[in-house]
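Here our numbering is used: position 57 in the sequence shown is 55, and no number is missing along the way.
In this text, a Cβ means the ideal position worked out from N, Cα and C, and glycines have one as well.
Working notes, beginning with the structure itself.
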Amino acid sequence: MAAALKMTPHELYDWERAIRDDGQFSGARSGPGGGTPATPENVSLFLIALLGSSTKRNAGRLASVFKIGASYVLPDANSRHDHYKESCPLTGQRTLGDTLTVLLALPKKARDVDRIEVDCDVGTFTIWEKFTLNEQSHTLCHLFALPDADEKEVPPIRTVRILSGDALRAIAEAMTSDEDTNV
């Protein structure tokens, strides 16, 4: 996973430890022989933390908020509050955490992802899906947002983080090829 994310193993471990110490991972253990099982759920939470937080200190807490709180929003929604019961057409899931879990568990689904963009200042995650239909390339946008995202004032300068589809696919494929791995 470190290679796919262009991180050193030490950087990856520091992020994993911060989230583990916050009690967010399932099945995680500290100490000799410890670690965090690289399940689709745990890796989903890890990626949300990495993309959604600029510091390790708040990563676990923010990841858990985004994982269960960020829900799919219909593209033509007038108000996000009315549309949190819809499912993402790419995965059939309603929440960001469940959607990323499916993408990591099913590499064939992950192949359709061009990139994932995160705007932490506004509270949105956007999954860009690419596909070909009738020999023409198309791109769909799947937006996940926190309930208060449309009420936040958009700052004039903000940071958007992007996870490439290639990195997501590499992680998903590595997870299916080696099931006994730790994050």
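| message | Mapping the DSSP letters down to three states, classify Thr174 as helix, strand or coil. | response | When secondary structure is reduced to three states using DSSP, Thr174 falls in the helix class.
| According to the Cβ coordinates, are Leu101 and Leu166 closer than 8 angstroms? | A contact, by the Cβ cut-off of 8 angstroms.
| Taking C-alpha atoms, which residue in Arg15, Thr174 and Lys150 lies nearest to Val120? | Nearest C-alpha to Val120: Lys150.
| Expected contact under 8 angstroms - CB spacing of Ile125 and Leu88 to nearest Å | With 8 angstroms as the limit, Ile125 and Leu88 qualify as a contact, their Cβ atoms being about 7 angstroms apart.
| query | So what does DSSP say about Thr34, is it helix, strand or coil? | reply | Reduced to three states, the DSSP call for Thr34 is coil.
| query | What first and last residue would you give for the beta strand (DSSP E) that runs through Val69? | reply | Before going on, a small fix: residue 69 reads as Ser here, not Val. Ser69 to Val71 is the span of the beta strand (DSSP E), which, as asked, contains Ser69.
| Are the beta-carbon atoms of Thr34 and Arg59 separated by less than 8 angstroms? | No; because the gap between Cβ atoms is not below 8 angstroms, this pair is not in contact.
| field | Residues bridged to Val116 (per DSSP) | value | Per DSSP, the beta bridge partners of Val116 are Phe123 and Arg159.
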